[in-house]
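**Student:**
Residue numbers (my numbering): 1003 to 1481.
Here it is, written out as C-alpha coordinates:
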(Lines of atoms letter the chains of each structure in order from A and count residues from 1; the text may use other names and numbers.)
(Lines give C-alpha, C1' and ligand atoms only; values in the text may rest on other atoms or scores of the structure.)
Protein backbone atom coordinates (compact mmCIF):
# COMPACT_ATOMS: atom_id res chain seq x y z
CA UNK A 1 0.00 0.00 0.00
CA UNK A 2 0.88 3.66 0.01
CA UNK A 3 0.18 6.42 2.51
CA UNK A 4 1.02 9.31 0.18
CA UNK A 5 -2.60 10.53 0.26
CA UNK A 6 -3.19 9.83 3.93
CA UNK A 7 -6.84 9.35 4.85
CA UNK A 8 -7.99 10.94 1.60
CA UNK A 9 -7.79 7.68 -0.40
CA UNK A 10 -8.27 4.64 1.80
CA UNK A 11 -8.77 2.50 -1.30
CA UNK A 12 -5.02 2.71 -1.98
CA UNK A 13 -4.14 0.95 1.29
CA UNK A 14 -2.27 -2.32 1.61
CA UNK A 15 -5.50 -4.20 2.36
CA UNK A 16 -8.17 -3.87 -0.30
CA UNK A 17 -11.47 -4.38 1.50
CA UNK A 18 -13.70 -2.17 -0.66
CA UNK A 19 -13.21 0.87 1.53
CA UNK A 20 -12.78 4.29 0.04
CA UNK A 21 -12.57 7.98 0.86
CA UNK A 22 -11.79 11.24 -0.86
CA UNK A 23 -11.58 14.99 -0.49
CA UNK A 24 -12.33 17.93 -2.81
CA UNK A 25 -11.69 21.58 -2.12
CA UNK A 26 -12.07 24.69 -4.25
CA UNK A 27 -12.23 28.45 -3.71
CA UNK A 28 -14.07 31.35 -5.31
CA UNK A 29 -13.07 34.92 -4.47
CA UNK A 30 -15.35 37.69 -5.74
CA UNK A 31 -15.50 41.48 -5.74
CA UNK A 32 -18.92 42.92 -6.56
CA UNK A 33 -20.21 46.45 -7.11
CA UNK A 34 -23.64 47.74 -8.10
CA UNK A 35 -25.24 51.13 -8.80
CA UNK A 36 -29.01 51.66 -9.07
CA UNK A 37 -30.47 54.96 -10.32
CA UNK A 38 -34.14 55.91 -10.72
CA UNK A 39 -35.83 59.08 -11.94
CA UNK A 40 -39.52 59.52 -11.06
CA UNK A 41 -40.01 55.75 -11.23
CA UNK A 42 -39.87 56.11 -15.02
CA UNK A 43 -36.20 55.79 -15.94
CA UNK A 44 -34.39 52.94 -14.22
CA UNK A 45 -30.68 52.22 -14.57
CA UNK A 46 -28.61 49.44 -13.03
CA UNK A 47 -24.87 48.98 -13.54
CA UNK A 48 -22.94 46.10 -12.00
CA UNK A 49 -19.45 44.74 -12.16
CA UNK A 50 -17.84 41.70 -10.62
CA UNK A 51 -14.31 40.35 -10.59
CA UNK A 52 -14.09 36.64 -9.86
CA UNK A 53 -11.16 34.33 -9.24
CA UNK A 54 -11.67 30.57 -9.19
CA UNK A 55 -9.24 27.87 -8.12
CA UNK A 56 -10.78 25.58 -10.73
CA UNK A 57 -8.94 27.25 -13.60
CA UNK A 58 -5.31 27.03 -14.72
CA UNK A 59 -2.47 28.59 -12.81
CA UNK A 60 -1.97 31.18 -15.58
CA UNK A 61 -5.53 32.50 -15.82
CA UNK A 62 -7.83 32.23 -12.80
CA UNK A 63 -9.56 35.64 -12.91
CA UNK A 64 -12.39 37.07 -14.97
CA UNK A 65 -14.22 40.44 -15.09
CA UNK A 66 -17.98 40.42 -15.75
CA UNK A 67 -19.78 43.78 -16.18
CA UNK A 68 -23.44 44.41 -16.99
CA UNK A 69 -25.84 47.30 -17.47
CA UNK A 70 -29.65 47.45 -17.72
CA UNK A 71 -32.01 50.30 -18.56
CA UNK A 72 -35.78 50.35 -18.10
CA UNK A 73 -38.31 52.93 -19.30
CA UNK A 74 -41.77 52.80 -17.70
CA UNK A 75 -43.58 54.38 -20.62
CA UNK A 76 -47.00 54.13 -18.97
CA UNK A 77 -45.88 56.74 -16.41
CA UNK A 78 -45.29 59.35 -19.09
CA UNK A 79 -47.84 62.21 -19.11
CA UNK A 80 -49.03 61.41 -22.65
CA UNK A 81 -50.14 57.90 -21.57
CA UNK A 82 -51.46 58.42 -18.04
CA UNK A 83 -54.99 59.06 -19.28
CA UNK A 84 -55.17 55.93 -21.45
CA UNK A 85 -57.67 53.91 -19.43
CA UNK A 86 -57.14 50.46 -20.95
CA UNK A 87 -53.35 50.57 -20.46
CA UNK A 88 -52.33 49.36 -17.01
CA UNK A 89 -48.57 49.15 -17.50
CA UNK A 90 -45.99 49.44 -20.28
CA UNK A 91 -42.29 49.06 -19.66
CA UNK A 92 -39.44 48.78 -22.15
CA UNK A 93 -36.18 47.09 -21.14
CA UNK A 94 -32.72 46.77 -22.64
CA UNK A 95 -29.63 45.19 -21.11
CA UNK A 96 -26.14 44.01 -21.93
CA UNK A 97 -23.84 41.94 -19.79
CA UNK A 98 -21.10 39.37 -19.52
CA UNK A 99 -21.45 36.23 -17.38
CA UNK A 100 -18.89 33.56 -16.57
CA UNK A 101 -19.05 29.78 -16.28
CA UNK A 102 -16.82 27.83 -13.90
CA UNK A 103 -18.85 24.58 -13.65
CA UNK A 104 -16.05 22.26 -14.70
CA UNK A 105 -15.25 20.30 -11.54
CA UNK A 106 -12.67 21.03 -8.90
CA UNK A 107 -9.53 19.58 -10.53
CA UNK A 108 -10.26 20.08 -14.21
CA UNK A 109 -7.10 22.09 -15.00
CA UNK A 110 -4.71 19.62 -13.35
CA UNK A 111 -3.21 16.35 -14.52
CA UNK A 112 -4.71 13.53 -12.50
CA UNK A 113 -2.88 10.64 -10.89
CA UNK A 114 -4.29 7.17 -10.45
CA UNK A 115 -3.26 4.42 -8.07
CA UNK A 116 -2.07 1.26 -9.82
CA UNK A 117 -1.21 -2.19 -8.46
CA UNK A 118 2.27 -3.52 -9.15
CA UNK A 119 3.73 -6.84 -8.06
CA UNK A 120 7.44 -7.28 -7.26
CA UNK A 121 8.08 -10.91 -6.59
CA UNK A 122 5.28 -11.80 -4.21
CA UNK A 123 4.85 -8.28 -2.86
CA UNK A 124 1.90 -6.11 -3.94
CA UNK A 125 2.85 -2.45 -4.22
CA UNK A 126 0.49 0.46 -4.88
CA UNK A 127 1.96 3.47 -6.70
CA UNK A 128 0.66 6.53 -8.48
CA UNK A 129 1.08 7.49 -12.13
CA UNK A 130 -0.50 10.04 -14.49
CA UNK A 131 -3.65 8.71 -16.14
CA UNK A 132 -6.77 10.01 -17.85
CA UNK A 133 -6.81 13.80 -17.74
CA UNK A 134 -3.89 15.97 -18.88
CA UNK A 135 -3.16 19.35 -17.30
CA UNK A 136 -3.99 22.71 -18.85
CA UNK A 137 -2.39 25.65 -17.00
CA UNK A 138 -4.00 28.10 -19.47
CA UNK A 139 -7.58 26.96 -18.81
CA UNK A 140 -9.76 30.03 -18.20
CA UNK A 141 -13.31 31.26 -17.69
CA UNK A 142 -15.94 30.57 -20.31
CA UNK A 143 -17.76 33.88 -20.83
CA UNK A 144 -21.06 34.82 -22.47
CA UNK A 145 -21.80 38.30 -23.78
CA UNK A 146 -25.53 38.81 -24.19
CA UNK A 147 -27.80 41.61 -25.36
CA UNK A 148 -31.47 41.53 -24.36
CA UNK A 149 -34.45 43.66 -25.30
CA UNK A 150 -37.87 43.24 -23.76
CA UNK A 151 -41.29 44.65 -23.11
CA UNK A 152 -43.74 44.24 -20.20
CA UNK A 153 -47.37 45.06 -21.07
CA UNK A 154 -50.53 44.94 -18.96
CA UNK A 155 -53.99 45.99 -20.20
CA UNK A 156 -57.62 45.97 -19.05
CA UNK A 157 -56.86 46.44 -15.35
CA UNK A 158 -54.03 43.88 -15.66
CA UNK A 159 -56.43 41.14 -16.75
CA UNK A 160 -54.07 40.53 -19.67
CA UNK A 161 -50.29 40.71 -19.15
CA UNK A 162 -47.58 40.01 -21.69
CA UNK A 163 -43.82 39.73 -21.28
CA UNK A 164 -41.66 39.41 -24.39
CA UNK A 165 -37.89 39.13 -24.61
CA UNK A 166 -35.52 38.82 -27.56
CA UNK A 167 -31.84 38.09 -27.04
CA UNK A 168 -28.60 37.36 -28.78
CA UNK A 169 -25.52 36.10 -27.01
CA UNK A 170 -22.08 34.79 -27.86
CA UNK A 171 -20.17 32.38 -25.65
CA UNK A 172 -16.40 32.61 -26.02
CA UNK A 173 -13.66 30.30 -24.72
CA UNK A 174 -16.12 27.40 -24.72
CA UNK A 175 -15.12 24.75 -22.17
CA UNK A 176 -15.05 21.26 -23.65
CA UNK A 177 -13.27 18.02 -22.80
CA UNK A 178 -11.51 16.81 -25.95
CA UNK A 179 -9.79 13.47 -26.55
CA UNK A 180 -5.99 13.12 -26.78
CA UNK A 181 -3.93 10.52 -28.67
CA UNK A 182 -3.09 7.52 -26.50
CA UNK A 183 0.59 8.17 -27.23
CA UNK A 184 0.43 11.16 -24.87
CA UNK A 185 -0.24 8.87 -21.91
CA UNK A 186 -3.58 10.64 -21.32
CA UNK A 187 -7.08 10.24 -22.72
CA UNK A 188 -8.45 13.80 -22.61
CA UNK A 189 -7.87 17.44 -21.73
CA UNK A 190 -10.31 20.21 -20.83
CA UNK A 191 -9.78 23.14 -23.18
CA UNK A 192 -11.20 26.49 -24.23
CA UNK A 193 -12.05 25.50 -27.77
CA UNK A 194 -14.18 28.14 -29.49
CA UNK A 195 -17.36 30.18 -29.60
CA UNK A 196 -21.08 29.53 -29.89
CA UNK A 197 -23.97 31.88 -30.55
CA UNK A 198 -27.49 31.74 -29.13
CA UNK A 199 -30.40 33.77 -30.45
CA UNK A 200 -33.89 33.48 -29.17
CA UNK A 201 -37.31 34.75 -28.28
CA UNK A 202 -39.34 34.20 -25.11
CA UNK A 203 -43.01 35.04 -24.65
CA UNK A 204 -45.19 34.76 -21.54
CA UNK A 205 -48.92 35.58 -21.54
CA UNK A 206 -51.27 35.55 -18.56
CA UNK A 207 -54.99 36.18 -18.80
CA UNK A 208 -57.88 36.39 -16.35
CA UNK A 209 -60.58 34.76 -18.47
CA UNK A 210 -63.40 34.87 -15.89
CA UNK A 211 -63.73 36.68 -12.61
CA UNK A 212 -67.37 36.53 -11.56
CA UNK A 213 -68.74 35.97 -8.06
CA UNK A 214 -67.25 32.66 -6.84
CA UNK A 215 -65.83 31.66 -10.25
CA UNK A 216 -62.32 32.58 -11.42
CA UNK A 217 -60.41 31.19 -14.38
CA UNK A 218 -56.81 32.16 -15.11
CA UNK A 219 -54.55 30.96 -17.94
CA UNK A 220 -50.78 31.25 -18.33
CA UNK A 221 -48.94 30.43 -21.54
CA UNK A 222 -45.23 30.58 -22.32
CA UNK A 223 -43.19 29.68 -25.38
CA UNK A 224 -39.45 29.89 -26.05
CA UNK A 225 -37.36 29.56 -29.19
CA UNK A 226 -33.58 29.32 -29.24
CA UNK A 227 -31.15 28.91 -32.11
CA UNK A 228 -27.75 27.56 -31.09
CA UNK A 229 -24.77 27.54 -33.49
CA UNK A 230 -21.06 26.84 -33.19
CA UNK A 231 -19.30 29.77 -34.90
CA UNK A 232 -15.62 29.07 -34.14
CA UNK A 233 -13.40 26.20 -32.96
CA UNK A 234 -9.73 26.32 -32.07
CA UNK A 235 -7.89 25.20 -35.23
CA UNK A 236 -10.64 22.80 -36.33
CA UNK A 237 -13.98 22.52 -38.09
CA UNK A 238 -15.10 19.61 -35.93
CA UNK A 239 -14.40 18.24 -32.43
CA UNK A 240 -15.62 15.01 -30.91
CA UNK A 241 -16.38 15.32 -27.17
CA UNK A 242 -14.42 12.94 -24.96
CA UNK A 243 -15.75 10.48 -22.42
CA UNK A 244 -18.99 9.23 -23.92
CA UNK A 245 -18.97 6.43 -21.32
CA UNK A 246 -22.14 4.46 -22.02
CA UNK A 247 -21.65 4.99 -25.76
CA UNK A 248 -18.33 3.09 -25.75
CA UNK A 249 -19.90 0.15 -27.59
CA UNK A 250 -21.22 2.41 -30.36
CA UNK A 251 -18.68 3.59 -32.95
CA UNK A 252 -15.98 3.71 -30.28
CA UNK A 253 -17.99 6.14 -28.17
CA UNK A 254 -18.67 8.75 -30.87
CA UNK A 255 -22.34 9.72 -30.90
CA UNK A 256 -22.10 13.54 -30.90
CA UNK A 257 -20.02 16.21 -32.56
CA UNK A 258 -19.25 19.89 -32.05
CA UNK A 259 -19.06 21.30 -35.57
CA UNK A 260 -19.00 24.82 -36.97
CA UNK A 261 -22.37 25.87 -38.37
CA UNK A 262 -24.38 23.42 -36.24
CA UNK A 263 -25.72 23.28 -32.65
CA UNK A 264 -23.44 22.06 -29.87
CA UNK A 265 -23.52 18.29 -29.47
CA UNK A 266 -25.27 17.50 -32.77
CA UNK A 267 -26.12 13.80 -33.24
CA UNK A 268 -23.49 12.13 -35.43
CA UNK A 269 -23.61 8.86 -37.38
CA UNK A 270 -24.26 7.10 -40.68
CA UNK A 271 -27.03 7.66 -43.23
CA UNK A 272 -28.67 4.59 -44.74
CA UNK A 273 -30.62 3.91 -47.91
CA UNK A 274 -32.47 0.69 -47.18
CA UNK A 275 -31.10 -2.86 -47.09
CA UNK A 276 -29.15 -4.81 -49.70
CA UNK A 277 -31.32 -7.35 -51.50
CA UNK A 278 -30.44 -10.57 -53.28
CA UNK A 279 -29.21 -9.87 -56.82
CA UNK A 280 -28.03 -6.31 -56.15
CA UNK A 281 -24.40 -5.40 -56.86
CA UNK A 282 -23.32 -4.89 -53.26
CA UNK A 283 -19.65 -5.60 -54.06
CA UNK A 284 -19.33 -2.26 -55.84
CA UNK A 285 -20.59 -0.34 -52.80
CA UNK A 286 -17.16 0.16 -51.25
CA UNK A 287 -18.42 -1.39 -48.01
CA UNK A 288 -16.37 -4.48 -47.10
CA UNK A 289 -19.23 -5.76 -44.93
CA UNK A 290 -21.95 -5.35 -47.56
CA UNK A 291 -24.12 -8.42 -48.20
CA UNK A 292 -27.78 -9.21 -48.81
CA UNK A 293 -29.64 -8.31 -45.62
CA UNK A 294 -27.10 -5.68 -44.49
CA UNK A 295 -27.65 -1.93 -44.35
CA UNK A 296 -26.88 0.19 -47.39
CA UNK A 297 -24.66 3.02 -46.12
CA UNK A 298 -24.63 6.34 -47.96
CA UNK A 299 -21.20 7.35 -49.29
CA UNK A 300 -21.46 10.89 -47.93
CA UNK A 301 -17.99 12.08 -48.99
CA UNK A 302 -18.19 10.41 -52.41
CA UNK A 303 -14.84 8.62 -52.27
CA UNK A 304 -16.29 5.26 -53.31
CA UNK A 305 -15.66 3.67 -49.91
CA UNK A 306 -17.70 3.32 -46.72
CA UNK A 307 -15.53 4.42 -43.81
CA UNK A 308 -15.83 6.45 -40.62
CA UNK A 309 -15.39 9.57 -42.76
CA UNK A 310 -18.91 9.03 -44.10
CA UNK A 311 -20.47 9.82 -40.75
CA UNK A 312 -22.46 13.04 -40.77
CA UNK A 313 -24.89 15.05 -38.67
CA UNK A 314 -28.20 13.20 -38.33
CA UNK A 315 -30.14 15.61 -36.13
CA UNK A 316 -30.09 17.79 -33.07
CA UNK A 317 -31.69 17.80 -29.65
CA UNK A 318 -32.31 21.54 -30.05
CA UNK A 319 -36.12 22.00 -30.39
CA UNK A 320 -37.71 24.46 -32.77
CA UNK A 321 -39.72 25.72 -29.79
CA UNK A 322 -40.92 24.56 -26.38
CA UNK A 323 -43.33 25.86 -23.79
CA UNK A 324 -46.11 25.29 -21.33
CA UNK A 325 -49.79 26.01 -20.69
CA UNK A 326 -51.40 26.17 -17.26
CA UNK A 327 -54.99 26.78 -16.19
CA UNK A 328 -56.31 27.58 -12.73
CA UNK A 329 -60.07 27.40 -12.09
CA UNK A 330 -61.60 28.29 -8.73
CA UNK A 331 -65.30 27.67 -8.03
CA UNK A 332 -66.12 28.46 -4.42
CA UNK A 333 -64.19 26.00 -2.23
CA UNK A 334 -63.08 23.90 -5.24
CA UNK A 335 -59.92 24.59 -7.26
CA UNK A 336 -58.39 22.84 -10.25
CA UNK A 337 -54.84 23.39 -11.55
CA UNK A 338 -53.68 21.79 -14.81
CA UNK A 339 -50.25 22.20 -16.43
CA UNK A 340 -49.20 20.99 -19.90
CA UNK A 341 -45.66 21.21 -21.27
CA UNK A 342 -44.26 20.36 -24.67
CA UNK A 343 -41.27 20.40 -26.98
CA UNK A 344 -41.39 20.38 -30.78
CA UNK A 345 -38.86 19.77 -33.54
CA UNK A 346 -36.11 18.07 -31.53
CA UNK A 347 -34.58 14.65 -32.21
CA UNK A 348 -33.25 11.90 -29.95
CA UNK A 349 -30.82 9.12 -30.84
CA UNK A 350 -32.46 6.02 -29.40
CA UNK A 351 -29.32 4.16 -28.30
CA UNK A 352 -31.51 1.41 -26.84
CA UNK A 353 -32.55 0.54 -30.37
CA UNK A 354 -28.90 0.25 -31.43
CA UNK A 355 -28.67 -2.74 -29.09
CA UNK A 356 -32.24 -4.07 -29.06
CA UNK A 357 -33.34 -3.47 -32.63
CA UNK A 358 -30.19 -4.24 -34.60
CA UNK A 359 -30.57 -8.07 -34.73
CA UNK A 360 -26.89 -8.36 -33.82
CA UNK A 361 -26.91 -9.63 -30.24
CA UNK A 362 -27.47 -12.92 -28.45
CA UNK A 363 -29.77 -11.29 -25.88
CA UNK A 364 -33.41 -10.24 -26.01
CA UNK A 365 -34.40 -7.75 -28.68
CA UNK A 366 -37.50 -5.84 -29.75
CA UNK A 367 -40.35 -7.80 -31.31
CA UNK A 368 -39.49 -6.15 -34.64
CA UNK A 369 -36.62 -8.66 -34.89
CA UNK A 370 -39.19 -11.23 -36.00
CA UNK A 371 -39.53 -9.14 -39.18
CA UNK A 372 -35.79 -9.30 -39.93
CA UNK A 373 -34.48 -9.79 -43.46
CA UNK A 374 -34.30 -13.33 -44.79
CA UNK A 375 -34.26 -14.71 -48.30
CA UNK A 376 -37.95 -15.51 -47.89
CA UNK A 377 -38.70 -12.15 -46.19
CA UNK A 378 -36.70 -9.48 -48.04
CA UNK A 379 -37.33 -6.69 -45.51
CA UNK A 380 -36.10 -3.20 -46.31
CA UNK A 381 -36.39 -1.93 -42.71
CA UNK A 382 -34.97 -4.66 -40.44
CA UNK A 383 -31.57 -6.20 -41.33
CA UNK A 384 -30.65 -9.87 -41.22
CA UNK A 385 -29.44 -11.53 -38.01
CA UNK A 386 -25.67 -11.04 -37.75
CA UNK A 387 -23.72 -11.33 -34.49
CA UNK A 388 -20.64 -9.84 -36.17
CA UNK A 389 -22.29 -6.58 -37.22
CA UNK A 390 -20.57 -3.54 -35.73
CA UNK A 391 -22.80 -1.35 -33.60
CA UNK A 392 -23.22 1.97 -35.35
CA UNK A 393 -25.42 4.96 -34.76
CA UNK A 394 -27.64 5.13 -37.86
CA UNK A 395 -30.25 7.59 -39.06
CA UNK A 396 -32.94 4.92 -38.54
CA UNK A 397 -32.29 5.14 -34.79
CA UNK A 398 -32.66 8.95 -34.69
CA UNK A 399 -36.29 9.76 -33.93
CA UNK A 400 -38.52 12.79 -33.68
CA UNK A 401 -38.88 13.39 -29.95
CA UNK A 402 -41.57 16.08 -30.03
CA UNK A 403 -44.09 15.61 -27.24
CA UNK A 404 -46.97 17.10 -25.28
CA UNK A 405 -47.24 16.07 -21.62
CA UNK A 406 -49.87 16.61 -18.95
CA UNK A 407 -47.27 17.26 -16.29
CA UNK A 408 -49.37 18.25 -13.27
CA UNK A 409 -53.03 18.23 -12.25
CA UNK A 410 -54.35 19.10 -8.80
CA UNK A 411 -57.96 19.11 -7.55
CA UNK A 412 -58.47 20.62 -4.11
CA UNK A 413 -61.34 21.36 -1.74
CA UNK A 414 -61.17 24.06 0.93
CA UNK A 415 -63.04 22.69 3.94
CA UNK A 416 -65.44 25.26 5.46
CA UNK A 417 -64.29 26.88 8.70
CA UNK A 418 -65.51 25.18 11.86
CA UNK A 419 -66.13 21.82 10.22
CA UNK A 420 -62.91 20.45 11.77
CA UNK A 421 -62.62 21.41 15.46
CA UNK A 422 -59.71 23.71 16.37
CA UNK A 423 -58.49 23.85 12.78
CA UNK A 424 -58.00 27.35 11.37
CA UNK A 425 -57.81 26.03 7.82
CA UNK A 426 -58.25 22.64 6.17
CA UNK A 427 -57.63 21.64 2.55
CA UNK A 428 -58.13 18.22 0.95
CA UNK A 429 -56.47 17.55 -2.39
CA UNK A 430 -55.53 14.93 -4.96
CA UNK A 431 -52.53 15.64 -7.14
CA UNK A 432 -51.01 13.76 -10.07
CA UNK A 433 -47.77 14.14 -12.06
CA UNK A 434 -46.92 12.78 -15.50
CA UNK A 435 -50.48 11.72 -16.21
CA UNK A 436 -50.39 11.59 -20.01
CA UNK A 437 -47.84 11.98 -22.81
CA UNK A 438 -48.39 12.17 -26.56
CA UNK A 439 -45.30 11.43 -28.67
CA UNK A 440 -44.09 9.36 -31.62
CA UNK A 441 -40.80 8.57 -29.85
CA UNK A 442 -40.46 4.80 -29.24
CA UNK A 443 -38.06 4.99 -26.28
CA UNK A 444 -38.91 5.27 -22.60
CA UNK A 445 -39.05 9.04 -22.39
CA UNK A 446 -38.78 11.72 -25.12
CA UNK A 447 -37.53 14.32 -22.64
CA UNK A 448 -33.81 13.55 -23.00
CA UNK A 449 -31.46 16.53 -22.84
CA UNK A 450 -27.94 15.26 -22.08
CA UNK A 451 -26.21 12.09 -21.03
CA UNK A 452 -24.57 11.81 -17.63
CA UNK A 453 -24.73 15.58 -17.11
CA UNK A 454 -22.42 16.15 -20.11
CA UNK A 455 -23.92 19.04 -22.08
CA UNK A 456 -21.95 18.06 -25.19
CA UNK A 457 -23.69 14.64 -25.33
CA UNK A 458 -27.15 15.88 -26.14
CA UNK A 459 -30.17 13.98 -27.33
CA UNK A 460 -28.76 10.47 -26.82
CA UNK A 461 -31.02 8.10 -24.88
CA UNK A 462 -29.09 5.27 -23.22
CA UNK A 463 -32.14 3.97 -21.40
CA UNK A 464 -32.40 6.51 -18.63
CA UNK A 465 -35.07 5.43 -16.18
CA UNK A 466 -38.48 6.70 -17.34
CA UNK A 467 -40.43 9.23 -15.34
CA UNK A 468 -42.93 7.64 -13.02
CA UNK A 469 -46.60 8.53 -12.81
CA UNK A 470 -47.31 9.78 -9.29
CA UNK A 471 -50.67 10.30 -7.57
CA UNK A 472 -50.84 11.92 -4.13
CA UNK A 473 -53.84 12.31 -1.85
CA UNK A 474 -53.40 14.58 1.13
CA UNK A 475 -54.81 16.95 3.70
CA UNK A 476 -53.34 20.29 4.78
CA UNK A 477 -54.35 21.36 8.29
CA UNK A 478 -53.50 24.66 10.00
CA UNK A 479 -54.13 25.00 13.76
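Yeah, the Cβ is synthetic: ideal placement off N, Cα and C, and Gly gets one too.
#1: By DSSP, does residue 1059 sit in helix, in strand, or in coil?
#2: So residue 1357 is in the beta strand (DSSP E); what residue range does that whole segment cover?
#3: Would you call the CB atoms of residue 1275 and residue 1300 closer than 8 Å?
#4: Just checking my contact of residue 1011 with residue 1140 at CB under 8 Å: how many whole Å lie between their CB atoms?
#5: Would you call the region 1417-1428 and the region 1310-1324 in contact, with 3 or more CB pairs under 8 Å?
#6: Could you give the DSSP three-state label for residue 1068: helix, strand or coil?
#7: Residues in its own chain within less than 7 Å of residue 1033 by CB, not counting five upstream and five downstream?
#8: What three-state label does DSSP hand residue 1457 in the structure shown?
#9: Taking DSSP as the reference, what is the three-state secondary structure of residue 1255?
#10: To the nearest angstrom, how far is it from the Cα of residue 1056 to the Cα of residue 1180?
#11: Is it true that the CB of residue 1411 sits closer than 8 Å to the CB of residue 1477?
#12: Can residue 1252 and residue 1385 be called in contact, C-beta distance under 8 Å?
#13: Name, in chain order, the residues that DSSP records as bridge partners for residue 1110.
#14: Do the region 1119-1132 and the region 1146-1156 meet, that is, are 3 or more Cβ pairs less than 8 Å apart?
#15: By the DSSP assignment, the beta strand (DSSP E) with residue 1366 in it spans what residues?
#16: DSSP puts residue 1428 in a beta bridge; with which residues?
#17: Assign residue 1233 to buried or exposed, taking buried as 16 or more other Cβ atoms, counted over all protein chains shown, within 10 Å of its Cβ.
#18: Return yes when the C-beta of residue 1081 is under 7 Å from any heavy atom of the ligand NAP, and no when it is not.
#19: Measuring alpha carbon to alpha carbon, tell me which residue in 1214, 1471, 1205, 1110 is nearest residue 1333.
#20: Check whether the Cβ atoms of residue 1470 and residue 1405 lie closer than 8 Å to each other.
#21: Spatial neighbours of residue 1288 within its chain, please: C-beta separation below 7 Å, excluding the five flanking residues on both sides.
#22: How long is the line joining the alpha carbons of residue 1290 and residue 1393, rounded to whole angstroms?
#23: Please return the same chain residues whose Cβ sits closer than 6 Å to the Cβ of residue 1339, not counting the five positions on each side in sequence.
#24: Excluding five sequence neighbours on each side, which residues of the same chain lie with their C-beta closer than 7 Å to the C-beta of residue 1159?
#25: Where does the unbroken beta strand (DSSP E) through residue 1409 begin, and where does it stop?
#26: Rounded to a whole number of angstroms, what is the C-alpha to C-alpha distance between residue 1480 and residue 1430?
#27: With 16 as the cutoff for other CB atoms within 10 Å, does residue 1036 come out buried or exposed?
#28: Under a three-way DSSP split, which group does residue 1136 fall into?
#29: Per DSSP, residue 1401 is paired with what?
#30: Cutting at 7 Å between CB atoms, please list the residues of its own chain near residue 1382, excluding the five before and the five after it.
#31: What is the DSSP secondary structure of residue 1077, counted as helix, strand or coil?
#32: In three-state terms, what does DSSP make of residue 1285?
#33: What residues in its chain sit with their C-beta under 8 Å from that of residue 1349, if we drop five residues either side in the sequence?
#34: Per DSSP, which one or two residues make a beta bridge with residue 1467?
#35: Comparing C-alpha positions only, which one of 1072, 1063, 1045, 1097 sits nearest to residue 1078?
#36: Please report the distance separating the alpha-carbon of residue 1408 from that of residue 1188.
**Tutor:** In terms of the structure at hand:
#1: As a position in the chain shown, residue 1059 is number 57, starting the count at 1. In the structure shown, residue 1059 sits in coil (DSSP, three-state: anything other than H, G, I, E or B).
#2: The residue given as residue 1357 occupies position 355 in the chain shown. Counting along the chain, residue 1357 falls outside any beta strand (DSSP E), though it belongs to the alpha helix (DSSP H) covering 1353-1358.
#3: Residue mapping note: residue 1275 aligns to position 273 of the chain shown, counting from 1. Residue mapping note: residue 1300 aligns to position 298 of the chain shown, counting from 1. Yes, the Cβ-Cβ distance between residue 1275 and residue 1300 is below 8 Å.
#4: Here the question's residue 1011 lines up with position 9 in the chain shown. Here the question's residue 1140 lines up with position 138 in the chain shown. Not really, about 28 Å apart at Cβ, beyond 8 Å.
#5: no
#6: Stepping through the chain shown from its first residue, residue 1068 is reached at position 66. Note: residue 1068 maps to strand in three-state DSSP.
#7: By 1-based counting over the chain shown, the position of residue 1033 is 31. Around residue 1033: 1052, 1053.
#8: Here residue 1457 corresponds to residue number 455 of the chain shown, with the count starting at 1. Annotation note: pLDDT 49 at residue 1457 (below 50); position unreliable, no value reported.
#9: Locating residue 1255 in the chain shown gives position 253, counting from the first residue. In the structure shown, residue 1255 sits in a helix (DSSP, three-state: H, G or I).
#10: One-based indexing of the chain shown puts residue 1056 at position 54. One-based indexing of the chain shown puts residue 1180 at position 178. Cα to Cα, the separation comes out at about 22 Å.
#11: On the chain shown, residue 1477 is found 475 positions in, with the first residue counted as 1. On the chain shown, residue 1411 is found 409 positions in, with the first residue counted as 1. Contact: no.
#12: Here residue 1252 refers to the residue found at position 250 when the chain shown is read from its first residue. Here residue 1385 refers to the residue found at position 383 when the chain shown is read from its first residue. No; because the gap between Cβ atoms is not below 8 Å, this pair is not in contact.
#13: Taking the chain shown and counting its residues from 1, the one referred to as residue 1110 is at position 108. None, per the DSSP bridge assignment.
#14: no
#15: The count along the chain shown starts at 1 and reaches residue 1366 at position 364. Segment: none, residue 1366 is in no beta strand (DSSP E) and carries neither H nor E.
#16: In the chain shown, the residue the question calls residue 1428 occupies position 426. Residue 1428 pairs with 1479.
#17: Position 231 of the chain shown, counted from the start, is the residue given in the question as residue 1233. Label assigned to residue 1233: exposed.
#18: You won't find the ligand NAP in this model; it holds no ligand whatsoever.
#19: As a position in the chain shown, residue 1333 is number 331, starting the count at 1. It is 1214 whose Cα lies nearest to the Cα of residue 1333.
#20: Position 468 of the chain shown, counted from the start, is the residue given in the question as residue 1470. Position 403 of the chain shown, counted from the start, is the residue given in the question as residue 1405. It is not a contact, given that the beta carbons lie outside the stated cut-off.
#21: Counting from one through the chain shown, the residue named residue 1288 turns up at place 286. Answer for residue 1288: 1301, 1306, 1307, 1308, listed in chain order.
#22: Counting from 1 along the chain shown, the entry for residue 1290 is found at position 288. Counting from 1 along the chain shown, the entry for residue 1393 is found at position 391. Distance between the alpha carbons of residue 1290 and residue 1393: 15 Å.
#23: Mapped onto the chain shown, residue 1339 falls at position 337. Taken in chain order, the residues that qualify are 1330, 1412.
#24: In the chain shown, residue 1159 corresponds to position 157, counting from 1. Closer than 7 Å at Cβ, skipping near neighbours: 1090.
#25: In the chain shown, residue 1409 corresponds to position 407, counting from 1. Per DSSP, residue 1409 belongs to the beta strand (DSSP E) from 1405-1416.
#26: Here residue 1480 refers to the residue found at position 478 when the chain shown is read from its first residue. Here residue 1430 refers to the residue found at position 428 when the chain shown is read from its first residue. Each residue's Cα considered, the two are about 12 Å apart.
#27: Numbered from 1 along the chain shown, position 34 holds the residue referred to as residue 1036. Residue 1036 should be labelled exposed.
#28: Looking up residue 1136 in the chain shown gives position 134. It is coil, neither helix nor strand.
#29: Stepping through the chain shown from its first residue, residue 1401 is reached at position 399. DSSP lists 1350 as partners of residue 1401.
#30: As a first step, residue 1382 must be located in the chain shown, where it is residue number 380. 1276, 1277, listed in sequence order.
#31: The count along the chain shown starts at 1 and reaches residue 1077 at position 75. Residue state, collapsed to three classes: helix.
#32: In the chain shown, counting from the first residue as 1, residue 1285 sits at position 283. Helix at residue 1285.
#33: For the purposes of this step, residue 1349 is taken as the residue at position 347 of the chain shown. Excluding positions up to five away in sequence, the list reads 1269, 1316, 1317, 1318, 1319, 1400, 1401, 1402, 1403, 1461.
#34: One-based indexing of the chain shown puts residue 1467 at position 465. Looking at the DSSP assignment, residue 1467 forms no beta bridge with any residue, so it has no partner.
#35: Here residue 1078 is taken as the residue at index 76 of the chain shown, counted from 1. Nearest option by C-alpha distance: 1045.
#36: Position 406 of the chain shown holds residue 1408. Position 186 of the chain shown holds residue 1188. Rounded to the nearest angstrom, the two C-alpha atoms are 47 Å apart.
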